[in-house]
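Trainee:
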Amino acid sequence: MAEFRDSIEIAASPETVFEYLTTNSGMTAWMGQYADLEATAGGRFAVDIAGHPVRGKFLEVSRPYRVVVSWGFAGSVDLPPGASRVEFTLTAIGSGTQVDLLHSHLPDAEVRGHADGWAHFFPRLIIAGSGGDAGIDDWQPDATMT
């Protein structure tokens with residue numbers, strides 16, 4: 001199993017950024033076309049991204065500094081629902097919020113594709129989280145990344 005890490009800064013408070021990780025409208029402002037989130041420990045985490053149903057559960061919700069979810073794809077043998085773990089840690093900094101991402105328990109073959117996805121979605125979170133409009137998301141995963 002492998003992991004992917006990244007970090008961004010957003011010109012908004014942790015309280016504001018937290019809403020983009022825990023609400024249906026916040027999530028779809030930067031990632032996915034559909035979200036059904038129940039942001040409590042053990043609650044539902046469902047986001048449809050480019051036709052791929054990501055399914056899992058909220059494992060930890062510590063307002064406004066930490067969100068941990070299980071992550072996988074409905075119907076996938078390689079990465080089934082809840083098989084990997086995504087951790088967002090939000091830290092107040094002078095310019096707003098630093099968001100640290102750790103996506104762990106990824107099969108080695110899934111790391112490159114997920115790194116590509118996070119590289120697409122994190123800039124969209126910067127825009128949305130700071131009050132901008134990230135626009136319609138027409139991203140599709142690169143089939144050569146698996």
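Residue numbers (full-length UniProt numbering): 1 to 146. Backbone N, C-alpha and C fix where the C-beta goes; we use that ideal spot for every residue, glycine too.
(1) How do the region 27-34 and the region 98-116 stand: do at least 3 beta-carbon pairs fall below 8 Å, yes or no?
(2) Could you tell me the alpha carbon to alpha carbon distance between isoleucine 127 and isoleucine 8, rounded to whole angstroms?
(3) With which residues is tyrosine 34 paired in a DSSP beta bridge?
(4) Reducing DSSP to helix, strand and coil, say where serine 25 ends up.
(5) Histidine 114 and arginine 85 look like a contact to me (Cβ under 8 Å); what is the Cβ gap, rounded to whole Å?
(6) My output table needs one value for aspartate 116: the three-state DSSP class, helix, strand or coil.
(7) Near residue 148, what residues of its chain come up, given a Cβ to Cβ distance below 6 Å and the 5 sequence neighbours on each side ignored?
(8) For proline 123, count the other beta carbons within 10 Å of its own beta carbon; 16 or more makes it buried, fewer makes it exposed. Which is it?
(9) Compare the C-alpha of valine 61 against each of Ala74, Ala39, Trp71 and Gly82 and name the closest.
(10) May I ask you to report which of helix, strand or coil DSSP gives leucine 93?
Mentor: Quick look at the numbers:
(1) no
(2) 11 Å
(3) Asp48
(4) helix
(5) Histidine 114 to arginine 85, Cβ: 12 Å. No contact.
(6) helix
(7) In this structure the chain extends from 1 to 146, so residue 148 is not present and cannot be described.
(8) exposed
(9) Ala39
(10) According to the sequence provided, residue 93 is isoleucine. The question's leucine does not apply to it. Residue state, collapsed to three classes: strand.
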